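What follows is a short report on a single structure.
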Amino acid sequence: MDDSGVLIPAEVRLDVWLDVACLFKTRSEAQKACKNGKVEVNGQAAKPHRTVRVGDELDIGRSFGRKQKVVIRGLADRNVSRAAARALYEDLTPAPTPEEIELRKIERVYRAAITAAGTPDKRDRRARRKLKENG
Numbered sequence: 008m009d010d011s012g013v014l015i016p017a018e019v020r021l022d023v024w025l026d027v028a029c030l031f032k033t034r035s036e037a038q039k040a041c042k043n044g045k046v047e048v049n050g051q052a053a054k055p056h057r058t059v060r061v062g063d064e065l066d067i068g069r070s071f072g073r074k075q076k077v078v079i080r081g082l083a084d085r086n087v088s089r090a091a092a093r094a095l096y097e098d099l100t101p102a103p104t105p106e107e108i109e110l111r112k113i114e115r116v117y118r119a120a121i122t123a124a125g126t127p128d129k130r131d132r133r134a135r136r137k138l139k140e141n142g
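Residue numbers for the sequence shown follow this note's numbering, so the first one is 8 and each next one is one higher.
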């Protein structure tokens, strides 16, 4: 129990802690990441039901092949404010190099360019019709 009379658990489910610590938007996202092998606890692949304790090290796979390294500094099994959530862990992920930052920008632009813009507008439809007629 802390000084405010709130009971602090000794261990918490991994998926619950990831959600409470705001490392994932929802608990179901945290569960999917665990099931897909994106989360490791102390170097071992972890399932969502695994319990975590203070001092455990987490490696979380992020987009673009990045890894986030986190050490658990506090536990909570219920939602807390964003500021309190940041106090639950220490982020040991090294800062990205300028080359990595530039690469991420290029990847974002590339992904935006290859995704479909939705339904074709009038000009696109005319261009497609012209290609079909001539080709």
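Think of the CB as a built atom: it goes at the ideal place given N, C-alpha and C, for glycine as much as any other residue.
Note that the structure is a prediction, hence the values are computed from the model and not measured.
Requested in this report: Pull up the DSSP beta-bridge partners for residue 65, would you.
Outcome: Indexing the sequence shown from 1 puts residue 65 at position 58. In the DSSP secondary-structure assignment, residue 65 is bridged to 48, 77.
Requested in this report: Assign residue 57 to one of three DSSP states: helix, strand, or coil.
Outcome: Stepping through the sequence shown from its first residue, residue 57 is reached at position 50. Coil.
Query raised in the report: What residue from 81, 86, 64, 128 has the CA that sits closest to residue 100's CA?
Result: Here the question's residue 100 lines up with position 93 in the sequence shown. Here the closest residue by C-alpha is 64.
Requested in this report: Determine the DSSP secondary structure at residue 87, reduced to helix, strand or coil.
Outcome: Against the sequence shown, residue 87 aligns to sequence position 80. In this structure, DSSP gives residue 87 a state outside helix and strand, which the three-state scheme calls coil.
**Report entry** Element boundaries [beta strand (DSSP E), containing residue 18]
**Finding:** Here residue 18 refers to the residue found at position 11 of the sequence shown. Looking at the DSSP string, residue 18 is not in any beta strand (DSSP E), and its letter there is neither H nor E.
Query raised in the report: Hey, is the stretch 80-92 in contact with the stretch 101-112, meaning 3+ C-beta pairs nearer than 8 Å?
Result: Three or more Cβ pairs closer than 8 Å define a contact, and the stretch 80-92 falls short of that threshold against the stretch 101-112.
Query raised in the report: Grouping DSSP H, G and I as helix and E and B as strand, with all else coil, what is residue 12?
Result: Along the sequence shown, one-based indexing puts residue 12 at 5. Interpretation of residue 12 is limited by its pLDDT of 49, a score under 50 that renders its predicted location unreliable; the figure taken from the coordinates is listed afterwards. Three-state result, residue 12: coil.
Report task. Reducing DSSP to helix, strand and coil, say where residue 128 ends up. Result -> Working through the sequence shown from its first residue, we reach residue 128 at position 121. Coil at residue 128, not helix or strand.
Requested in this report: State the CB to CB distance for the pair residue 80 and residue 61, rounded to an integer number of angstroms; the pair is presumed to be in contact (CB under 8 Å).
Outcome: Counting from one through the sequence shown, the residue named residue 80 turns up at place 73. Counting from one through the sequence shown, the residue named residue 61 turns up at place 54. Indeed, because the Cβ distance is near 7 Å, the residues count as touching under 8 Å.
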